[in-house]
Ligand code: XMP
């Protein structure tokens, strides 16, 4: 990328000429990539862009409110409350790829309905360079890359940040004047908290993971991780008050990376880890144990599934 301001100028011009006088739709995730793509497209075509945020029930704590706030200036913003539909569809599904598949399918159904009612001919996506590489290599099915274009019939797909790395997208976000919470936001996987609970994504496990992610994000903020979160990885025995409990095991992960393709587990201070442990077990009586993941990528992946 040359520099952020000329990138913006070129990207806006490109969207204008591609979408022309048609309508377009974009799926917002709350992350920096789709936020930047939406802001660029909005500059180009204004309210002919319909940004759609689907609350899958697998999103970060406070995400829906944050989206409402960040994009309040876009009159065409739509928020779809689909939590129950996603969590019901995930009932009994334990295989990681099957989980991604179910989420991807449900997402397409939700999104297709909105795209049709917005009479959108064009799809704008916040796909970035590493997404394309991982999808081509078929390392995993990224639901924000595969799926939508094949199923929903669009005249064209516009991917304004397709050649950028994450740090470049952040630079563009700053230049666009997006809030710091958005521009510096750590990446979040498309399938959301479903890949941060091992096995079936029940409401209870997802809630534990959501709170744990929130605590870990807050407590690691000073250490500037590339990504940090908590994941529910199983059950184990603990002692709460006078009782032995069979509670959840939460794994804490905090990694440094440039693009997510490789990563290093962060060496966090003991006090930070202890604060995380004490908050997570203190705030949720069903969590018996907190462990810290010291594995780099490779050999591990960043997420648990
Ligand atoms: P892994 O776990 O493969 O993750 O080391 C690398 C980066 O990708 C994110 N991730 C996903 N993003 N759909 C996405 O859009 C997915 O299915 C998915 N799985 C992982 C992960 O959070 C990390 O940033």
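Residue numbers (our numbering): -19 to 285. Yeah, the Cβ is synthetic: ideal placement off N, Cα and C, and Gly gets one too.
(request) Take the Cβ of residue 167 as the centre, count every other Cβ of all protein chains shown within 10 Å, and call the residue buried at 16 or more, exposed below. (result) Numbered from 1 along the chain shown, position 187 holds the residue referred to as residue 167. Answer is buried; the Cβ neighbour count reaches 16.
(message) According to DSSP, simplified to helix, strand and coil, what is residue 94?
(response) The residue you call residue 94 lines up with position 114 of the chain shown. Of the three classes helix, strand and coil, the one that applies to residue 94 here is helix, per DSSP.
(message) On the DSSP bridge list, what partners appear for residue 31?
(response) Counting from one through the chain shown, the residue named residue 31 turns up at place 51. 6, per the DSSP bridge assignment.
(request) Tell me residue 66's beta-bridge partners as DSSP assigns them. (result) Taking the first residue of the chain shown as 1, we reach residue 66 at position 86. DSSP lists no partner for residue 66.
(message) Short of 6 Å in beta carbon distance, which residues of its chain neighbour residue 231, apart from the five on each side in sequence? Order them along the chain.
(response) The residue labelled residue 231 in the question sits at position 251 within the chain shown. Hits under 6 Å: 211, 213, 271 and 273.
(request) Specify the secondary structure class of residue 206 as computed by DSSP and reduced to three states. (result) Numbered from 1 along the chain shown, position 226 holds the residue referred to as residue 206. In this structure, residue 206 counts as coil in the three-state DSSP scheme.
(request) Compute the beta-carbon to beta-carbon distance between residue -19 and residue 156, rounded to the nearest angstrom, for a pair I have assumed lies under 8 Å. (result) By one-based count along the chain shown, residue -19 stands at place 1. By one-based count along the chain shown, residue 156 stands at place 176. Residue -19 to residue 156, Cβ: 14 Å. No contact.
(request) Run through the region 212 to 278 for me and flag every whole beta strand (DSSP E) of 3 or more residues, listed as ranges in chain order. (result) 223 to 236 and 267 to 272
(message) Using a Cβ-based criterion (distance less than 7 Å to any ligand heavy atom), does residue 85 qualify as near the ligand XMP?
(response) Residue mapping note: residue 85 aligns to position 105 of the chain shown, counting from 1. No, since every heavy atom of the ligand XMP falls outside the 7 Å radius drawn around the Cβ of residue 85.
(message) Please classify residue 250 as buried or exposed, where buried requires at least 16 other C-beta atoms within 10 Å of its C-beta.
(response) Numbered from 1 along the chain shown, position 270 holds the residue referred to as residue 250. So residue 250 ends up on the exposed side.
(message) Under 7 Å: does the beta carbon of residue 216 sit that close to some heavy atom of the ligand XMP?
(response) Here residue 216 refers to the residue found at position 236 of the chain shown. Within 7 Å of the C-beta of residue 216 there is not a single heavy atom belonging to the ligand XMP.
(request) On a CA-only basis, which of 39, 29, 79 and 283 is nearest residue 97? Give me that one, please. (result) To locate residue 97, count along the chain shown from 1; it is residue 117. Here the closest residue by C-alpha is 29.
(message) Using CA atoms only, rank isn't needed, just tell me which of -4, 14 and 281 is closest to residue 107.
(response) Locating residue 107 in the chain shown gives position 127, counting from the first residue. Of the listed residues, the one whose Cα sits closest to residue 107 is 14.
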